[in-house]
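To get our numbering, take the position in the sequence shown, counting from 1, and add 4.
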Amino acid sequence: MKQRLSPDTYRRIQDGVRARLEAGGFDGLLVDDHHHVAYLTGFFHFPNERPAAVWLTATECLMLVPALEADHAQKQNTVAEFVVYPEFPGVEDAFSILLGQVRPTGRIAYSPATPAGRVEKFKTYAPDATWVMSEVLEAARLLKSPEEIALHREAARVSDAMVEAGLKLIRDAIASGSPLPTEAELASHVTRFGVSTMYAEHEDVVVGQILAGGLVYTGKNAAFPHGLPSAERVKQGETFILSLGCAVGGRFAESERTFVMGQPSDEQRRYFDVATRAQQTGVEALTAGRPCSEANRICIDVIRDAGMGQFLRHRMGHGIGLWLHEPPWIADGDDSPLQPGMIVSCEPGLYIPGHGGYRISDTVLITETGPERLTNHPRTIDECIIG
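This is the structure in structure tokens:
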């Protein structure tokens, strides 16, 4: 499959944002976050001190781009007209060049992601405009187009395959009598597998911040939700978590599973059962119209009602899109309603100090008829026993 969205898709995305700007009473939009730039134009790059930005109005879409990136942007068939500046910091500031050309007036939206110092530049270089912080673009990114959903669906398939590749490395070690892999070895192996799978099976691979990767925790280390892979080896009698994901066409998915090396103890079964029931309940709660905070409460209450609330460390989940963690937040404090076209994670977890962790995460599409799991690797304890 081709990873890169078509120019027509980006034009439809731009028109959708234009409709939102008009509805909000805005005359234009200026955004500089690299995810926003990629969303609007298809230009993916590694952000650095040289800014790239998009200026969008009812009649134009311009992209501010440094000269050394212009050919890179052209190669990606970026859907925008270029305003090229020579270098950073340059004799003239890049935003002075852009705003001096477009001379904005009226109400202009900018993203909360824009640094405050940069907003001051906007005001200095375009004093006739009224600059208004707005989440108009963030709101547009919440709802995925069918073309984007196809990319997320493929990312979910590859993420599941990465989990299976990690298990194969362990099973091969058991079969050969070799030492079981370390967390770091597992993380490196599944990352290589995810990247090589995409280059082998896809055309025009889109390289964003990461293509594939994840976290691997075993034994007591799994009690730390975001612990980094170490030299600790997978051991018989312990649980381990594969927390993996990838991006296809810049659109992410994640697949996370907990496994047990050998026959689980009664204690391990008890924790695993609660984590599984919470995750299943959470997925079922992801229905259109339900507030995100309510879905979170329904899910997390399974853990609290089991008397294990002291082992909670985080919310039920989060949105997934051009980055792994983005709105909506399936958590207390986000009362926005779930809507068809959103893609979110469902990943409640238990973290028992000195023992281990239990987390199962699926990438879930919100539809009009209910939630659809995009990741489908087996998740019950009897399916997750290794050896």
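Where a beta carbon is used, it is the ideal one built from N, C-alpha and C, also for glycine.
In the displayed model, Thr367 falls within a strand according to three-state DSSP. Sixteen is the threshold: since fewer than 16 other Cβ atoms of the shown chains lie within 10 Å of the Cβ of Ile389, the residue is exposed. In the assembly as shown, Ala235 is an exposed residue. Its beta-carbon has fewer than 16 other beta-carbons within 10 Å.
Taken atom to atom, the span from the alpha-carbon of Pro11 to that of Ala77 is near 13 Å.
The C-alpha of Thr201 is placed about 10 Å away from the C-alpha of Ser163.
Counting the other Cβ atoms within 10 Å of the Cβ of Met265 gives 16 or more, which makes it buried.
Using a Cβ-Cβ distance cut-off of 8 Å, the stretch 321-341 and the stretch 222-233 are not in contact, since fewer than three pairs of beta carbons, one from each stretch, lie closer than that value. About 5 Å separates the beta carbons of Ile112 and Ala133, which is inside the 8 Å limit, making them a contact pair.
Arg255 is positioned such that its CB atom lies closer than 8 Å to that of Glu152. Shown here, Lys6 sits in a strand according to DSSP, grouped into three states. Taking C-alpha positions only, Tyr275 is separated from His359 by approximately 11 Å. Sixteen is the threshold: when 16 or more other Cβ atoms of the shown chains lie within 10 Å of the Cβ of Glu258, as they do, the residue is buried. A residue is called buried when at least 16 other Cβ atoms come within 10 angstroms of its Cβ; Leu232 does not meet this threshold and is exposed. The beta strand (DSSP E) runs lying completely inside the stretch 183-250 and spanning 3 residues or more are 216-222, given in chain order.
Along the length of the stretch 17-75, whole beta strand (DSSP E) runs at least 3 residues long occupy 32-35, 57-60 and 65-70, reported in chain order. Minimum Cα-Cα distance from Glu288 among the listed residues Ala279, Ala117 and Cys350 corresponds to Cys350. Judged by DSSP secondary structure, Phe256 falls within the beta strand (DSSP E) whose first and last residues are Arg255 to Met265.
For Gly358, there is no enclosing alpha helix (DSSP H), since its DSSP letter is neither H nor E.
Assignment of Phe92 by DSSP, reduced to helix, strand and coil, places it in the coil class.
If only uninterrupted beta strand (DSSP E) runs of at least 3 residues are considered, those enclosed by the stretch 275-358 are 321-323, 330-334, 347-350 and 353-356. If you draw a straight line from the Cα of Ala27 to the Cα of Asp19, it comes to about 12 Å. Residue environment for Arg145: buried (at least 16 other C-beta atoms within 10 angstroms of its C-beta).
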